[in-house]
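In this note's numbering, the protein residues as written are 7 to 367.
Accompanying notes for the structure given below.
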């Protein structure tokens, strides 16, 4: 399919990925790591994916300032102005506002693709087709479009989108409600109902549409970034951004706009998606059946099943009488954890940071 010359991709790459400790660290988060052993890091995969949709000069990466050099190293095609450096993390609404105002200096009616840097998409051909559908709808309508994935289990780690089953346009449905990470019992009800989708965190909208939404629902945030008009894409930009981030509130685009706006639509999608949010999701992608899986390891398993063993060295690892464990080995840290405790890894990482004063973070 043709490249969309009026579209811009904004890749969000500022997270730390603490659920992937001890491989993902503050100095090298998971988006800059080849988590699946494919030869590319996750952000490189994201960049290459969006080159199929938009011109390379229209791809922007927004990241924490401390990772700007990593972005340049892994994506050497990017010009300096295509890397948006945040002095500190202020959640996704700030990312969207920064990118929208910066790009509006170039095109006020261009279409923005907002995309996380660390997701897996296996069927890229279908992904490109569905993004073309989302682009067409967003361009023709004053709408905020999100991509939703059909849930196949009652997962409490995802947000859920309830949609009107009557199509607003071919392949696009009106959003009824957003629910952020529900408890298990509610997630089970969502799965049974058939009219809920997982929130992928991927969004499509025109520049002017999201600017209007920012003005209506987050006026202070919008005003802060709007004051910089004329300085974007100049040497003065970074100075203004430093000041803005010290003043603005932290809020997600979901909470700040999408849960409140009445022009939100969803494209029910299926393209082999995973947010790769936990070690369990990596295990599922590498081997979805109850087998032992390893990365960079010569694994010898005795009476063991459904284990994930990862190392940064190709060493021999022997496991005996183990079921459903993650064993994650790095140069200076080793994590051994039951797979049903995967949601605890983020807390473990936080506790380790406090106890060892950041040494292993």
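Beta carbons are placed, not taken as given, at the ideal position from N, Cα and C, and that holds for glycine.
Contact fails between the stretch 195 to 208 and the stretch 69 to 79, because fewer than three Cβ pairs, one in each stretch, are under 8 Å apart.
Counting every other CB atom within 10 Å of its CB across the protein chains shown gives residue 51 a total of 16 or more, marking it as buried. In the three-state DSSP reduction, residue 156 falls in the coil class, being neither helix nor strand. In this structure, residue 47 sits near residue 80, with a CB-CB distance shorter than 7 Å. When the alpha-carbon of residue 308 is set against those of 297, 350, 136 and 317, the nearest one is in 297.
Residue 291 has its alpha-carbon roughly 39 Å from the corresponding atom of residue 248.
Between the stretch 15 to 22 and the stretch 268 to 286, the count of Cβ pairs shorter than 8 Å is below three; the stretches do not touch.
Note on residue 235: under 16 other CB atoms within 10 angstroms of its CB, so exposed under the neighbour-count rule.
At a cut-off of 3 residues, the continuous stretches assigned as beta strand (DSSP E) that sit fully inside the stretch 203 to 284 are 270 to 275. In this chain, the beta strand (DSSP E) harbouring residue 306 covers 299 to 308.
When DSSP states are grouped into helix, strand and coil, residue 331 belongs to the strand group. Here the stretch 88 to 106 makes no contact with the stretch 156 to 172; the two share fewer than three CB pairs at distances below 8 Å. With fewer than 16 other Cβ atoms from the protein chains shown falling within 10 Å of its own Cβ, residue 364 counts as exposed. With a beta-carbon spacing of about 5 Å, residue 303 and residue 315 fall inside the 8 Å limit used to define contacts.
DSSP, reduced to helix, strand and coil, places residue 171 within a strand of the structure shown. Between residue 24 and residue 360 a beta carbon distance of about 13 Å is seen, past the 8 Å cut, so the two are scored as non-contacting. Looking at the DSSP output, residue 119 shares a beta bridge with 15 and 210. The Cβ atoms of residue 151 and residue 271 lie closer than 7 Å to each other.
Rounded to the nearest whole angstrom, the CA to CA distance from residue 238 to residue 153 is 29 Å. Inclusion of residue 332 and residue 345 in the CB contact set at 7 Å is warranted, their separation being smaller than that value.
Straight-line spacing of the CA atoms in residue 267 and residue 181 works out to 10 Å.
Residue 356 and residue 186 have their alpha carbons spaced roughly 22 Å apart. Leaving aside the five residues that flank residue 159 on each side, the residues in its chain whose CB is nearer than 8 Å to its CB run, in chain order, 197. Residue 269 sits away from residue 110, with the two beta carbons spaced by 7 Å or more.
Under the three-state reduction of DSSP, residue 22 is assigned to coil, being neither helix nor strand. Contact check for residue 324 and residue 317: beta-carbon distance about 13 Å, past the 8 Å limit, so the pair fails to qualify. If you draw a straight line from the Cα of residue 214 to the Cα of residue 229, it comes to about 15 Å. Of the other Cβ atoms in all chains shown, 16 or more fall within 10 Å of the Cβ of residue 37; this residue is therefore buried.
Remark: C-beta atoms of residue 21 and residue 163 do not approach each other more closely than 7 Å. Its Cα nearest to that of residue 130, the residue 7 stands out among 7, 68 and 221. Within the model, the alpha-carbon separation for residue 310 versus residue 212 is close to 52 Å. The Cβ neighbour count for residue 342, taken over all protein chains shown within 10 Å, is under 16; the residue is labelled exposed.
Within the stretch 48 to 126, the runs of alpha helix (DSSP H) that reach at least 4 residues and sit entirely inside it are, in chain order, 48 to 56, 74 to 80 and 97 to 110.
Within the DSSP bridge table, the entry for residue 150 names 270 as partners.
For residue 293, the three-state secondary structure derived from DSSP is coil. Here the C-alpha atom of residue 280 lies approximately 32 Å from the C-alpha atom of residue 222.
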